[in-house]
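Participant:
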Amino acid sequence: MATTENLQSRPDGANRRVAIACAALVAGMTGAAFAAVPFYEWFCKTTGYGGTPLTASSAPDHVIERSFEIRFDANVNGLPWRFTPETPSVTVKAGAVETVNYVIENTSDRETFGLAAYNVTPDLSGGYFTKMICFCFTEQKLAAGEKLVVPVTFYVDPQIDGDKDLTMLKTITLSYTFFPAKPNTSKPVVGSLSGSTPEKL
3 MATTENLQSR PDGANRRVAI ACAALVAGMT GAAFAAVPFY EWFCKTTGYG
53 GTPLTASSAP DHVIERSFEI RFDANVNGLP WRFTPETPSV TVKAGAVETV
103 NYVIENTSDR ETFGLAAYNV TPDLSGGYFT KMICFCFTEQ KLAAGEKLVV
153 PVTFYVDPQI DGDKDLTMLK TITLSYTFFP AKPNTSKPVV GSLSGSTPEK
203 L
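Under the numbering used here, read the sequence shown as residues 3 to 203, first letter to last.
(1) Can you tell me the Cβ-Cβ gap for Asn103 and Ala145, rounded? I've got them flagged as a contact below 8 angstroms.
(2) Cutting at 6 angstroms between CB atoms, please list the residues of its own chain near Asn77, excluding the five before and the five after it.
(3) Can Phe1 and Ile106 be called in contact, C-beta distance under 7 angstroms?
(4) Taking all protein chains shown into account, decide if Gln161 is buried (16 or more other Cβ within 10 angstroms of its Cβ) or exposed.
(5) With a Cβ-Cβ cutoff of 7 angstroms, do Leu176 and Val94 count as a contact?
(6) Using C-beta distances below 6 angstroms, list every residue in its chain close to Ala119, excluding the 5 sequence neighbours before and after it, in chain order.
(7) Sort Phe70, Pro82, Asn79 by Cα distance to Glu100 and report the nearest one.
(8) State the Cα-Cα distance for the pair Leu171 and Asp111, rounded to the nearest angstrom.
(9) Can you give the beta carbon distance from Ala61 to Asp159, rounded, assuming they're within the 8 angstroms contact cut?
(10) Please list, in chain order, all residues of the same chain as Asp165 whose beta carbon is under 7 angstroms from its beta carbon, the five residues on each side excluded.
(11) Classify Thr132: buried if its beta carbon has 16 or more other beta carbons within 10 angstroms, exposed otherwise.
(12) Pull up the CB-CB distance for Pro182 and Leu81, whole angstroms please, since I reckon it's below 8 angstroms.
(13) My understanding is that Val151 touches Ile135, with C-beta atoms under 8 angstroms, so please give their C-beta distance in whole angstroms.
(14) Alpha carbons only, please: which of Ala98, Thr89, Glu88 is nearest the one belonging to Tyr157?
(15) Keeping to the same chain, check which residues put their C-beta closer than 7 angstroms to that of Ile66; ignore five residues upstream and five downstream.
(16) Can you give, in chain order, each stretch of the beta strand (DSSP E) that sits fully within the segment 56-142 and has at least 3 residues?
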């Protein structure tokens, strides 16, 4: 038979268990939230979801006749930089590897660091637009007044020709935005083609 003391102690024990369970749940949700960021980034790069270009270390084994105009967009957010493509657009055949350059200039009197976010539009083309070399994979450090020429090497996967949702697609826009970065926040570099080293001007 339960004593009065036992009956009075049970609510406290139950409350402690509930409190521990709630704390564990909050900790688990917090950990999941942090884990979701790299997972989402990996998912987007792997699938092209949301207009995120794919990455590759080798070129396709064939080129098809279908051509696309690739337009280049450059933006800066929160940095004293001037950022422009050397050419506004190029026309490429699907499967052909192309390299274009962007110019970055630090217009301030101090050393600055930046990292580029990127996507392509329309979003569905992200599953076929593939980058082999890109300055967006590494942090960019510019001294006061320094100017760099940085390359992007890419191709449009020939398999795009079999996508019924993109049969009328003729133009793809590759867009970059540079944001301030802390030192040593580089991402892994994909590809190893020559000419991938930034050129100081």
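Glycine included, C-beta positions come from ideal geometry on N, C-alpha and C.
Facilitator: Taking the geometry as given:
(1) Counting from 1 along the sequence shown, the entry for residue 103 is found at position 101. Counting from 1 along the sequence shown, the entry for residue 145 is found at position 143. So it is not a contact: roughly 20 angstroms between Cβ atoms.
(2) Residue numbering aside, residue 77 sits at position 75 when the sequence shown is read from its first letter. Its chain contains Thr179 as the residues whose beta carbon lies nearer than 6 angstroms to that of Asn77, once the 5 sequence neighbours on both sides are disregarded; these appear in chain order.
(3) Shown here, the chain extends from 3 to 203; a query on residue 1 therefore has no answer.
(4) As a working note, residue 161 is residue 159 in the sequence shown. Burial call: exposed.
(5) Locating residue 176 in the sequence shown gives position 174, counting from the first residue. Locating residue 94 in the sequence shown gives position 92, counting from the first residue. With contacts defined by Cβ atoms closer than 7 angstroms, Leu176 and Val94 do not form a contacting pair.
(6) Here residue 119 is taken as the residue at index 117 of the sequence shown, counted from 1. Once the five neighbours on either side are set aside, the close Cβ partners of Ala119 are Thr179.
(7) Residue 100 sits at position 98 when you count from the first residue of the sequence shown. Here the closest residue by C-alpha is Phe70.
(8) Counting from one through the sequence shown, the residue named residue 171 turns up at place 169. Counting from one through the sequence shown, the residue named residue 111 turns up at place 109. Looking at the two C-alpha atoms, the distance is approximately 44 angstroms.
(9) Counting from 1 along the sequence shown, the entry for residue 61 is found at position 59. Counting from 1 along the sequence shown, the entry for residue 159 is found at position 157. Contact flag wrong, Cβ pair sits at about 10 angstroms.
(10) On the sequence shown, position 163 is the one that residue 165 refers to. So no residue of the chain qualifies.
(11) Along the sequence shown, read from residue 1 onward, the residue named residue 132 stands at position 130. When all chains shown are included, Thr132 counts as buried.
(12) As a first step, residue 182 must be located in the sequence shown, where it is residue number 180. As a first step, residue 81 must be located in the sequence shown, where it is residue number 79. Confirmed, Cβ separation roughly 6 angstroms.
(13) For the purposes of this step, residue 151 is taken as residue 149 along the sequence shown, with counting starting at 1. For the purposes of this step, residue 135 is taken as residue 133 along the sequence shown, with counting starting at 1. At roughly 13 angstroms, the Cβ-Cβ gap does not stay under 8 angstroms, so Val151 and Ile135 are not in contact.
(14) Looking up residue 157 in the sequence shown gives position 155. Among Ala98, Thr89, Glu88, the Cα nearest to that of Tyr157 belongs to Ala98.
(15) By 1-based counting over the sequence shown, the position of residue 66 is 64. The answer, listed in chain order, is Lys95, Ala96, Gly97, Pro160, Asp163.
(16) 69-78, 83-87, 91-95, 100-108, 114-123, 131-136, all fully within the segment 56-142.
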